[in-house]
Amino acid sequence: MDYFYHLMIFLLARYVHILCATVLVGGTLFYEMIVPPAIDELKVEQQLLIFARARWLFKWVVWLSAALIVLSGFVSTYAHWREYNRDRVYEIQVANQPTEPMELAPMARPGWWWAAHASCGLLAVVISLSLTIGKVPPSQPIRWMRLNLVILMLVMFLATVTRQTRLEAQSPNPPAKTLEPLEIGR
Amino acid sequence: MPILVILSRWIHVICACLMIGGIFFARFVMPSGLGILDDETRTKVHLKIRRTFKMVIHSAILLLLITGIYNSTLAWDKYTLDSALLHPLWGTHILLALIAFTFLLIVLAGPVPPRSHRKLMAVNFVVLLAAVAVASTLKWARERVVAEHAAHVSSSEGP
Numbered sequence: 020m021d022y023f024y025h026l027m028i029f030l031l032a033r034y035v036h037i038l039c040a041t042v043l044v045g046g047t048l049f050y051e052m053i054v055p056p057a058i059d060e061l062k063v064e065q066q067l068l069i070f071a072r073a074r075w076l077f078k079w080v081v082w083l084s085a086a087l088i089v090l091s092g093f094v095s096t097y098a099h100w101r102e103y104n105r106d107r108v109y110e111i112q113v114a115n116q117p118t119e120p121m122e123l124a125p126m127a128r129p130g131w132w133w134a135a136h137a138s139c140g141l142l143a144v145v146i147s148l149s150l151t152i153g154k155v156p157p158s159q160p161i162r163w164m165r166l167n168l169v170i171l172m173l174v175m176f177l178a179t180v181t182r183q184t185r186l187e188a189q190s191p192n193p194p195a196k197t198l199e200p201l202e203i204g205r
Numbered sequence: 114m115p116i117l118v119i120l121s122r123w124i125h126v127i128c129a130c131l132m133i134g135g136i137f138f139a140r141f142v143m144p145s146g147l148g149i150l151d152d153e154t155r156t157k158v159h160l161k162i163r164r165t166f167k168m169v170i171h172s173a174i175l176l177l178l179i180t181g182i183y184n185s186t187l188a189w190d191k192y193t194l195d196s197a198l199l200h201p202l203w204g205t206h207i208l209l210a211l212i213a214f215t216f217l218l219i220v221l222a223g224p225v226p227p228r229s230h231r232k233l234m235a236v237n238f239v240v241l242l243a244a245v246a247v248a249s250t251l252k253w254a255r256e257r258v259v260a261e262h263a264a265h266v267s268s269s270e271g272p
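Line by line, the protein sequences are chains A and B. With the first sequence counted from 1, adding 19 to any position gets you our numbering. With the second sequence counted from 1, adding 113 to any position gets you our numbering.
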């Protein structure tokens, strides 16, 4: 039963993490690339009012997403911590014979990619929060949002590489196309 | 490092983010922002937003289909390892994604949206969330099956 609860928590954390990233990235893109050209013919006061109202509502979404993304990130990190630490050596079992420990190339160490993902992710979260703190947005908010969008895309790229390196480090001799289905009682 | 695999997955995730986050913003956040405008101006702004959003969504659908097919081709041999578990998950993900694409194409077709566009967008948002949940579970199950298979092969090749 413990295994089931752990499984549910890790799966849920992963789902929530993706969902919050989705809302942050998609919302930021919509707010800074789709809305401004659509309202450019309106009076400046009307434009500011629309931005202010959308910002007020988006603020709660950003704050909730930021909290959940950090929390679910911690849970997912905990779930994969052993694999992220496998940055110096690992052992391959070939025919039940442990081979010599091998050192992973720097680019193949999932821990480093994870650190880059986590630090860039935190930076993006901090920028998102700072853009929604207070009653008035900071100066040049659209530029900041554009920068944040680029950082968010970079964060997602780093997440993809982290996953790839983690899988490759787990399985140094990955099963090739000759895989046969398991014949254990499923 | 297989750069094409990483790129394909990255583009797939980004397109999904743009689609789901954009729908969320367009359906739940933006109407409140446009509430201060009179009916005529609001309709005009809404149509302009819709036109730009349509370009984003159509590009995202195309890229999701291309990268999705590529990703599935890469992982197909892994799906055969435990087809009873993985095929239903993969099939459900594809089915939900195709339903969502159809809804989006209907809502964004033509110069003006259909009458039920608000309801359709809300339903579509839920369908997309379900598609992400299934994809997330599929990825976890695939990794687990491959790890089990590797352990099984390793133990059966013993001296």
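Here a beta-carbon is modelled for each residue, glycine too, at the ideal position from N, C-alpha and C.
Partner residues in a beta bridge of E153/B, as assigned by DSSP, do not exist. Within its own chain, the residues whose Cβ lies closer than 8 Å to the Cβ of L166/A, once the five positions on either side in sequence are excluded, are I146, listed in chain order.
By the neighbour-count criterion, in which 16 or more other beta carbons inside 10 Å mark a residue as buried, H206/B falls on the buried side.
Look at the stretch 133 to 176 of chain A and you find no whole run of beta strand (DSSP E) that is 3 residues long or longer. The DSSP-derived three-state label of E60/A is coil. A contact between stretches requires three or more CB pairs, one per stretch, nearer than 8 Å, and the stretch 75 to 92 of chain A meets this requirement with the stretch 26 to 37 of chain A. Taking every protein chain shown into account, the CB of T215/B has fewer than 16 other CB atoms within 10 angstroms, so this residue is exposed. Not one beta carbon of chain A lies nearer than 8 Å to the beta carbon of T156/B. Spanning the alpha carbons of V158/B and V174/A requires a straight line of approximately 32 Å.
Shortest Cα-Cα distance from H25/A to any of A71/A, Q65/A, H99/A and A73/A involves H99/A. For L217/B, the enclosing alpha helix (DSSP H) has its first and last residue at S196 to L221. The Cβ neighbour count for V220/B, taken over all protein chains shown within 10 Å, is at least 16; the residue is labelled buried.
Nearest to L150/B by C-alpha distance, out of A178/A, M172/A, I69/A and I53/A, is I69/A. The C-beta of P201/B has fewer than 16 other C-beta atoms within 10 Å across all chains shown, which makes the residue exposed. The beta carbon of L43/A is closer than 6 Å to those of S84 in its chain, skipping five residues each way along the sequence.
The stretch 133 to 141 of chain A and the stretch 57 to 73 of chain A do not touch, with fewer than three beta-carbon pairs separated by less than 8 Å.
For I116/B, the closest alpha carbon among the candidates L186/A, L67/A, V180/A and T96/A is that of V180/A.
Distance check between F138/B and each of F77/A, A40/A and M52/A places F77/A closest, using alpha-carbon atoms only. Residues A85 of the same chain have their beta carbon placed closer than 6 Å to that of V144/A, with the five preceding and five following residues left out of the count. Among the CB atoms of chain A, one or more fall inside 8 Å of the CB of G148/B. Taking the beta carbon of R122/B as reference, the chain A residues within 9 Å of it are T179, R182 and Q183, listed in sequence order.
Counting the other CB atoms within 10 Å of its CB gives I136/B a total of 16 or more, which places it among the buried residues. Within chain B, no residue has its beta carbon less than 7 Å from that of G153/A; the closest one is some 18 Å off.
For C130/B, the nearest beta carbon of chain A is closer than 8 Å to its own beta carbon.
Within the stretch 44 to 56 of chain A, the residues whose Cβ lies closer than 9 Å to some Cβ of chain B are V44, G45, G46, T47, L48, F49, Y50, M52, I53, V54 and P56, listed in chain order.
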